[in-house]
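Structure first, then comments.
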Amino acid sequence: MPKRNPGERWRYIAFSIRGCDLQRADFLNALMANARESPLGGSFRITVFEGDFGILKVPHTLKDEAIRVLKSVDRVKGVECSVDTLLTSGTIKTLKQKYKSRLRESMNDRE
Numbered sequence: 410m411p412k413r414n415p416g417e418r419w420r421y422i423a424f425s426i427r428g429c430d431l432q433r434a435d436f437l438n439a440l441m442a443n444a445r446e447s448p449l450g451g452s453f454r455i456t457v458f459e460g461d462f463g464i465l466k467v468p469h470t471l472k473d474e475a476i477r478v479l480k481s482v483d484r485v486k487g488v489e490c491s492v493d494t495l496l497t498s499g500t501i502k503t504l505k506q507k508y509k510s511r512l513r514e515s516m517n518d519r520e
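This is the structure in structure tokens:
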């Protein structure tokens with residue numbers, strides 16, 4: 410992810426994935442492929458990825474483009490899936506608090 414420029418703000422987009430069970434790297438590859446030809450390019454980072462839930466960090470000016478790219482992911486490693494955006498926030502803390510039960514559930518599933 411590029412260095413932060415003075416005055417640049419971030420948006421955090423919570424999303425869920427339906428239809429497939431996948432790894433973070435597999436989803437990231439699919440997302441990068443869809444973002445390659447868009448203004449979003451590589452200006453994002455997946456900050457949280459827990460099974461079927463994640464949080465994407467993007468520059469605030471690219472929020473709408475990031476949502477479009479997220480929703481355009483329909484295949485990961487040849488398996489059909491769909492991505493729904495849940496909420497956008499200016500802080501990651503807000504999203505983690507709102508979806509903490511989802512994060513806890515996926516952590517408990519691993520144990």
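What the sequence shown shows, in the numbering used here, is residues 410 to 520, in sequence order.
Ideal Cβ positions, reconstructed from N, Cα and C, are used throughout, including at glycine.
Since this is a predicted model, take the numbers as computed values, not measurements.
Looking at 445, 438 and 479, the one whose alpha-carbon comes closest to that of residue 495 is 479. Note on geometry: alpha-carbon atoms of residue 462 and residue 470 lie some 23 Å from one another. Each of 484, 468, 485 and 460 was checked against the Cα of residue 424, and the nearest Cα belongs to 460. The criterion of a C-beta distance shorter than 8 Å is satisfied by residue 449 and residue 475. Of all alpha-carbon atoms in 434, 416, 444 and 466, the one lying nearest the alpha-carbon of residue 502 is that of 466. Under the three-state reduction of DSSP output, residue 453 falls in the coil class, being neither helix nor strand. DSSP, read as helix, strand or coil, puts residue 492 in strand.
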